[in-house]
Amino acid sequence: MDQEALKRQAAQAALEYVDGGLIGIGTGSTVNYFIDLLAGIKHKIDGTVSSSEASTQRLRGHGIQVLDLNSTGNLSVYIDGADESNHQLQLIKGGGGALTREKIIAAASKTFVCIADNSKLVKALGSFPLPVEVIPMARSLVARQLLKLGGTPVWREGVVTDNGNHILDVHKLNITHPLELEQTINNMPGVVTVGLFALRPADILILGTPTGVKILRD
Ligand code: 5RP
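If you're matching positions, the sequence shown starts at -3 in this note's numbering and goes up one per residue.
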């Protein structure tokens, strides 16, 4: 089974967690499969809140309503992918650059269901470079602070987030204490969001595997 089939398998299994109400929608190739499948049951939900312009376009293309989080209150469930997950369901996210809105929606949702192929499950986070969204004028300042933490920040040149900011991808970080590291990076002036989801991890991780779907719970 190829990786795309595994992503689709996880997306299909996530439909079980959609029980009406308002659904938070993440960003990325795995979520794209979910959006396409959600179109088949769109009459069962009240609407969605989207984490990116790309997901919004895809949702609207299917005739699925996209609402502003300011008008909805909290959401019942949030479906999103990840770049890495450990066994505590702490995640690295932001490979697609949507980390800030993703973190906002995760915080606003009762249940966070993460969908991925099984290559995303790791023993320790950090092989995938950690994305950090920064205010453009603070990019070098933040990069120097990240160097002091032992990481190697690389500017994702040419990329501007949906919020008008820049992204630093931090390589070679030793993420042994995700909770502490998330808070440390969050506290750096100029940082908008770090793509470490440890303070608010996923509640459920659905993995597509060659032998069928595997479900992990926090
Ligand atoms: C976007 C994300 C995505 O969830 C993450 O990059 C995984 O994407 P994909 O499903 O394409 O592997 O965090 O900001």
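All residues carry an ideal CB built from backbone N, CA and C; glycine is no exception.
Strand pairing of residue i, partner residues [DSSP]
i    : result
E240 : This structure leaves residue 240 out entirely; the chain is present only between -3 and 214.
K3   : None, per the DSSP bridge assignment.
L117 : S81
Y74  : G20 and F108
K210 : L203
T148 : H167
Closer than 8 Å: residue i CB and nearest ligand 1 heavy atom
i    : result
T107 : no
CB-CB length for residue i against residue j, believed under 8 Å
i    : j    : result
I31  : L55  : 6 Å
A6   : A94  : Not quite, the Cβ-Cβ distance comes to about 18 Å (not below 8 Å), so this is no contact.
V128 : V166 : 6 Å
G147 : K168 : 6 Å
L126 : I88  : 6 Å
Assigned secondary structure, residue i (DSSP; H/G/I helix, E/B strand, else coil)
i    : result
A112 : strand
S46  : strand
I88  : strand
V62  : strand
Closer than 9 Å to chain D by CB, residue i
i  : result
Q5 : Included in the structure is just one protein chain, with no chain D present.
Who's in the neighbourhood of ligand 1, going by beta-carbon under 5 Å from any heavy atom, listed in chain order?
-> T23, G24, S25, T26, G77, D79, K89, G90, G91, G92 and A94
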